[in-house]
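Numbering (my numbering), first residue to last: 1000 to 1299.
Worksheet: the structure to be examined is printed underneath.
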């Protein structure tokens, strides 16, 4: 199992005194290492394989059962109810008079989103641009296009087809952004952009397959925290790293891995540490499940 790991290498110097002649001058210090280049790509990217993907693998029966328990379904329903209200302003622009009707049109689409494979990408551009690619059935793609069309402010404008089998349209939102929907044989692309180029249509045209390549993991998240620092209100006192997280379903469990890539060496300060064997131990009837110790996170 690949796990989140922080490897700390401590160099210990021993001062030696004696009768040897000391050098006339100390050695020149090594120049500091150049900062690593920032990873290319969007500031945020989320891939989800969809809840339906777990039901197709018999090895995930226990995990699939937990995710479809009465408690999990109720929590998922409540989360979608709230998201339907909060996301309408993000997608269409704020309008209190239309919020309830738009939320009713958006609500059934969120159930499809949780069950389906999708990719959300946020580029490094002003105006809150983003692109969502969802892999849906033909009836679902039709429902998405119809509901989004009905929730639009201004009459949608049909766009030239990117491929022979796709259709696309766009509309202006209340905050003068451009909302674009492109329907393909296997997916629907919904994008919002501040420029005059329809986001979904442009992204689809740049991919020979009509959509970006996807991971085989259950969840993949990448976040460029330095570029997201202002948008998320992260403290400026910390040199935030580039974050990547992946989650895979392995039989009855979920296995996760996270990686932090810093632009320069982190100034870790490691204090003396001794394993607390008197309080953390394995015993009959009370087995030790896991133990984690992390050093160097005092400032965080």
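For glycine and all other residues, C-beta sits at the position ideal for the given N, C-alpha and C.
Cβ-Cβ distance between residue i and residue j below 8 Å
i: residue 1091; j: residue 1184; result: no
i: residue 1158; j: residue 1150; result: no
i: residue 1180; j: residue 1130; result: no
i: residue 1059; j: residue 1114; result: no
i: residue 1241; j: residue 1217; result: no
i: residue 1128; j: residue 1171; result: no
Rounded straight-line distance, which links the Cα of residue j to that of residue i
i: residue 1043; j: residue 1078; result: 22 Å
i: residue 1136; j: residue 1186; result: 8 Å
i: residue 1002; j: residue 1057; result: No answer about residue 1002 holds up, because its pLDDT of 32 lies below 50 and its placement is not dependable.
i: residue 1068; j: residue 1134; result: 25 Å
i: residue 1289; j: residue 1258; result: 20 Å
i: residue 1239; j: residue 1261; result: 7 Å
i: residue 1189; j: residue 1144; result: 9 Å
i: residue 1093; j: residue 1176; result: 12 Å
i: residue 1323; j: residue 1099; result: As displayed, the chain neither begins before 1000 nor continues past 1299, which places residue 1323 out of reach and without an answer.
i: residue 1029; j: residue 1263; result: The predicted model places residue 1029 with a pLDDT of 45, which falls under 50 and marks its position as unreliable; any figure quoted below should be read in that light. Each residue's Cα considered, the two are about 15 Å apart.
i: residue 1112; j: residue 1282; result: 45 Å
i: residue 1155; j: residue 1193; result: 16 Å
i: residue 1182; j: residue 1054; result: 26 Å
i: residue 1226; j: residue 1071; result: 34 Å
i: residue 1178; j: residue 1222; result: 24 Å
i: residue 1236; j: residue 1294; result: 19 Å
i: residue 1173; j: residue 1088; result: 9 Å
i: residue 1279; j: residue 1040; result: 43 Å
i: residue 1104; j: residue 1142; result: 10 Å
i: residue 1215; j: residue 1119; result: 15 Å
i: residue 1026; j: residue 1287; result: Note that residue 1026 scores a pLDDT of 40, beneath 50, so its modelled location is shaky and nothing firm can be said.
i: residue 1097; j: residue 1139; result: 23 Å
i: residue 1095; j: residue 1102; result: 11 Å
Min CB distance residue i to chain C below 8 Å
i: residue 1120; result: You won't find chain C in this structure, because it holds only one protein chain.
Closest Cα partner of residue i within the set the options
i: residue 1254; options: 1244, 1261, 1262 and 1140; result: 1244
i: residue 1048; options: 1265, 1289, 1260 and 1220; result: 1220
i: residue 1276; options: 1291, 1263 and 1265; result: 1291
i: residue 1117; options: 1191, 1046 and 1281; result: 1046
i: residue 1266; options: 1286, 1296, 1104 and 1278; result: 1296
Using 8 Å as the Cβ pair cut-off and three pairs as the minimum, do the segment 1249-1258 and the segment 1267-1284 touch? no
Which complete alpha helix (DSSP H) runs does the segment 1084-1155 hold, if anything under 4 residues is left out? Listed in chain order, they are 1098-1114 and 1137-1150.
Between the segment 1221-1233 and the segment 1060-1068, do three or more beta carbon pairs fall short of 8 Å? no
With three or more beta-carbon pairs closer than 8 Å as the criterion, would you say the segment 1104-1111 touches the segment 1082-1096? yes
List in chain order: all unbroken alpha helix (DSSP H) runs of 4+ residues lying wholly within the segment 1236-1296. none
Give, in chain order, every unbroken run of the beta strand (DSSP E) that is at least 3 residues long and sits entirely within the segment 1052-1085. Not a single unbroken stretch of the beta strand (DSSP E) spanning 3 or more residues falls wholly within the segment 1052-1085.
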